[in-house]
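Colleague: Counting from 1, position 84 in the sequence shown corresponds to residue 80 in the numbering used here; the numbering is continuous, with no gaps. A virtual CB, placed ideally from N, CA and C, is assigned to each residue, including glycine. Bear in mind that the values here come from a model prediction, so they are computed numbers and not experimental data. Pasting in a structure now, in C-alpha cells, and then I'll have a few things to ask.
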Amino acid sequence: MINAMEHEGSELPDTSFVPQLDARQRAMLAEMGVRVWAPRPPVAAQVTAPVAAEAPPTAVASASAPSSMPAPAAPAARPTQVRPPVNDAVVAVPQPVAAPARLRPAGVDAMDWPALQAAVAGCEACGLCRSRQNTVFGVGDHQADWMVIGEAPGENEDLQGEPFVGVAGQLLDNMLRAIGRSRGGSGAQAAYIANVLKCRPPANRNPLPEEVAQCEPYLARQVALVQPKIILAMGRFAVQSLLQTSEPIGKLRGQVHRYQGVPVIVTYHPAYLLRTPGDKAKAWADLCLALETAAASPDRSTAP
Ligand code: URA
C-alpha cells in the first residue's frame, strides 16, 4: 500500500482540500508526476463551515505541470465551474486506442494501378494511418524488369510520399546507377521501388507483424502488376516478410529465392551499409548475382 507520507523526497502539493481523493489516490498521482489542484475554499468558509457540509469543489489532475507553477489563487467566491490552467493537460481516464475505421478494401489482388494506388492512399487497415503524413506507394516504371523492395518509409519518405528519398535512398540510387538502372529510367534502365509497409512506423520503430500482414497484399499486387524479372530485397524486414522466414540476411545471401515465382536476391539495407561500409563489397556481390539471375530469367509475360 502506497503511503503518501512515505513518498521519497516528497514535495507533494497540498491537496488536502480536495476531498474526493484519498491518501492512496494522492500518492499514486504523485508517483505518476500528476499534479492535483482545486480551488481552495475561501478562508472564511474553511474556518466556519464543516467540510462535510460543503459541496465538493471539482478536482482537476494535470500532467507535467512544472512544479514551480503557482497554485491558482483562491477565488473570492466559490465558482460554479472550475477550469484548469490553459497549459495544463487534463488527465482523463485512459481511452482505448480507436479501432481502424475500416479495413483494407476487398479485391486488392485484382486491382489495376489506379485502383491499387487509391486503395493504399485511403488505407486505414492498421494504426499507422493515424500518424502518417503520406502513404508511400512506390516509384518507377510499371514495366521495369528490376524491382527493389525495402522495409518501410522513414521521415523523409513520409513527408514526400516517395520511397528511399533520404540518405539511404541516395546510396540506393548510386547502387542502381552502378548497374545501369534508376528510379526514373525506362526500358532496360528501369527499376521499380516499393516498400513492404506503405506507411511510416512512428519514430522509425520496427514494423509490427500485424502491420506487415495488413500491408503485404498491396506489395503482392504491385509485384503481380510489374512482373519483374528480378526482385532485390533490401534489409531484414523486407527479406523476412517476402520469404516468410526468420533467418538472418547473412544466411540468405548468395542464393536465389522466389516470391510469386520471381527470383529474389537478398542484400543489405542501404542504411545498414551506410553504418557498415565494410559490407558494401558483399552488397556489390549481391548485385552481381542479381544481374546474372535476371539475365538468365525468362522474359515476362504481358502484365495484367
Ligand atoms: N528505408 C526503407 O526501407 N524504405 C524507404 O523508403 C526508406 C528507408
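1) Cβ atoms of A121 and Q210: under 9 angstroms apart, would you say?
2) Any heavy atom of the ligand URA closer than 8 angstroms to the beta-carbon of N202?
3) Using a Cβ-based criterion (distance less than 8 angstroms to any ligand heavy atom), does M143 qualify as near the ligand URA?
4) What number of angstroms, rounded off, separates the C-alpha of L112 from the C-alpha of A234?
5) Between R217 and E153, how many whole angstroms is the CB-CB distance? I'm expecting something under 8 angstroms.
6) Would a C-beta distance cut-off of 9 angstroms place G134 and P159 closer than the cut-off?
7) Looking at the secondary structure, which residues open and close the alpha helix (DSSP H) in which N130 lies?
8) Note down the Cα distance separating T289 from P259, rounded to an integer number of angstroms.
9) Check whether the segment 220 to 240 and the segment 137 to 145 touch, using three or more Cβ-Cβ pairs below 8 angstroms as the test.
10) Give me the Cα-Cα distance between C125 and D275, rounded to the nearest whole angstrom.
11) Determine the DSSP secondary structure at P52, reduced to helix, strand or coil.
12) What first and last residue would you give for the alpha helix (DSSP H) that runs through V258?
13) Give a single yes or no on whether V262 has its beta carbon closer than 8 angstroms to a heavy atom of the ligand URA.
14) Which runs of the beta strand (DSSP E) at least 3 residues long sit entirely within the segment 137 to 173? Give them in chain order.
15) Note down the Cα distance separating P205 from V222, rounded to an integer number of angstroms.
16) Let me know if A106 comes out buried or exposed under the rule of 16 or more other beta-carbons within 10 Å of its beta-carbon.
17) Could you tell me the distance, in whole angstroms, from the CA atom of A117 to the CA atom of P198?
18) At what residues does the alpha helix (DSSP H) containing A267 begin and finish?
19) Using C-beta distances below 6 angstroms, list every residue in its chain close to N200, excluding the 5 sequence neighbours before and after it, in chain order.
20) Looking at the strands, I want to know which residues DSSP matches up with Y255.
21) Taking 8 angstroms as the cut-off, does the CB of G162 come closer than this to any heavy atom belonging to the ligand URA?
22) Judging by CA-CA distance, which residue of Y214, G103, Q156, L287 is the nearest neighbour of Q129?
23) Which value, in whole angstroms, describes the spacing of the CA atoms of I175 and L248?
24) May I ask which residues mark the beginning and end of the beta strand (DSSP E) holding L193?
25) Measuring CB atoms only, is the segment 180 to 191 touching the segment 260 to 273, in the sense that at least three cross pairs come out at less than 8 angstroms?
26) Does the beta-carbon of T131 have 16 or more other beta-carbons within 10 angstroms, so that it is buried, or is it exposed?
27) To which residues does DSSP link L283 through a beta bridge?
28) Rounded C-beta distance between H301 and M230? I'm assuming under 8 angstroms.
29) What do you get for A186, buried or exposed, if any count of 16 or more other CB atoms within 10 angstroms of its CB means buried?
Modeller: Per the coordinate set shown:
1) Position 214 of the sequence shown, counting from 1, holds the residue named residue 210. Position 125 of the sequence shown, counting from 1, holds the residue named residue 121. Yes, they are a contact pair.
2) Residue numbering aside, residue 202 sits at position 206 when the sequence shown is read from its first letter. Within the chosen limit of 8 angstroms, the ligand URA does not reach the beta carbon of N202 with any heavy atom.
3) Start at 1 with the first residue of the sequence shown, and residue 143 comes out as number 147. In this structure, the C-beta of M143 stays at least 8 angstroms away from each heavy atom of the ligand URA.
4) On the sequence shown, residue 112 is found 116 positions in, with the first residue counted as 1. On the sequence shown, residue 234 is found 238 positions in, with the first residue counted as 1. Rounded to the nearest angstrom, the two C-alpha atoms are 20 angstroms apart.
5) Taking the sequence shown and counting its residues from 1, one reaches residue 217 at position 221. Taking the sequence shown and counting its residues from 1, one reaches residue 153 at position 157. No, R217 and E153 are not in contact; Cβ-Cβ is about 20 angstroms, not under 8 angstroms.
6) In the sequence shown, the residue the question calls residue 134 occupies position 138. In the sequence shown, the residue the question calls residue 159 occupies position 163. Taking C-beta atoms as the reference points, G134 and P159 count as a pair closer than 9 angstroms.
7) Here residue 130 refers to the residue found at position 134 when the sequence shown is read from its first residue. N130 -> no alpha helix (DSSP H), and no H or E assigned at all.
8) Residue mapping note: residue 289 aligns to position 293 of the sequence shown, counting from 1. Residue mapping note: residue 259 aligns to position 263 of the sequence shown, counting from 1. Taking the straight line from one Cα to the other gives about 7 angstroms.
9) Touching, yes, given that three or more Cβ pairs across the two stretches are closer than 8 angstroms.
10) Mapped onto the sequence shown, residue 125 falls at position 129. Mapped onto the sequence shown, residue 275 falls at position 279. One C-alpha to the other measures close to 35 angstroms.
11) Residue numbering aside, residue 52 sits at position 56 when the sequence shown is read from its first letter. Note that P52 has pLDDT 33, beneath the 50 cutoff, so the model's placement of it is unreliable and no number is given.
12) What you label residue 258 is simply residue 262 of the sequence shown in a count that begins at 1. Careful: V258 lies outside any alpha helix (DSSP H), inside the beta strand (DSSP E) at 258 to 263.
13) As a working mapping, residue 262 is identified with position 266 in the sequence shown. It does not: the Cβ of V262 is nowhere closer than 8 angstroms to a heavy atom of the ligand URA.
14) The qualifying runs are 142 to 146.
15) Residue numbering aside, residue 205 sits at position 209 when the sequence shown is read from its first letter. Residue numbering aside, residue 222 sits at position 226 when the sequence shown is read from its first letter. C-alpha separation (whole angstroms): 25 angstroms.
16) As a first step, residue 106 must be located in the sequence shown, where it is residue number 110. Residue burial is scored here from C-beta neighbours: A106 has fewer than 16 other C-beta atoms within 10 angstroms and is therefore classed as exposed.
17) As a position in the sequence shown, residue 117 is number 121, starting the count at 1. As a position in the sequence shown, residue 198 is number 202, starting the count at 1. Here the alpha carbon of A117 sits roughly 18 angstroms from the alpha carbon of P198.
18) Locating residue 267 in the sequence shown gives position 271, counting from the first residue. Run containing A267: 266 to 271, per the alpha helix (DSSP H) assignment.
19) Locating residue 200 in the sequence shown gives position 204, where the first residue counts as 1. These residues qualify, in order along the chain: G150.
20) Here residue 255 corresponds to residue number 259 of the sequence shown, with the count starting at 1. According to DSSP, Y255 bridges with V258.
21) In the sequence shown, counting from the first residue as 1, residue 162 sits at position 166. Yes, since a heavy atom of the ligand URA falls inside the 8 angstroms radius drawn around the Cβ of G162.
22) Taking the first residue of the sequence shown as position 1, residue 129 is located at position 133. Ranked by how close their Cα comes to the Cα of Q129, the residues Y214, G103, Q156, L287 have Q156 in first place.
23) Residue numbering aside, residue 175 sits at position 179 when the sequence shown is read from its first letter. Residue numbering aside, residue 248 sits at position 252 when the sequence shown is read from its first letter. Near 22 angstroms, if we compare the C-alpha coordinates of L248 and I175.
24) Sequence index remark: in the sequence shown, residue 193 carries index 197 (1-based). No beta strand (DSSP E) contains L193, which DSSP labels as neither H nor E.
25) With a cut-off of 8 angstroms, the segment 260 to 273 and the segment 180 to 191 do not count as touching, because too few Cβ pairs lie within range.
26) Here residue 131 refers to the residue found at position 135 of the sequence shown. By the C-beta density criterion, T131 is buried, having at least 16 other C-beta atoms within 10 angstroms.
27) Here the question's residue 283 lines up with position 287 in the sequence shown. Bridge partners of L283: none, in fact.
28) There is no way to answer for residue 301, as the model of the chain reaches only from -3 to 300.
29) Residue mapping note: residue 186 aligns to position 190 of the sequence shown, counting from 1. By the Cβ neighbour-count rule, A186 is buried, with 16 or more other Cβ atoms within 10 Å of its own.
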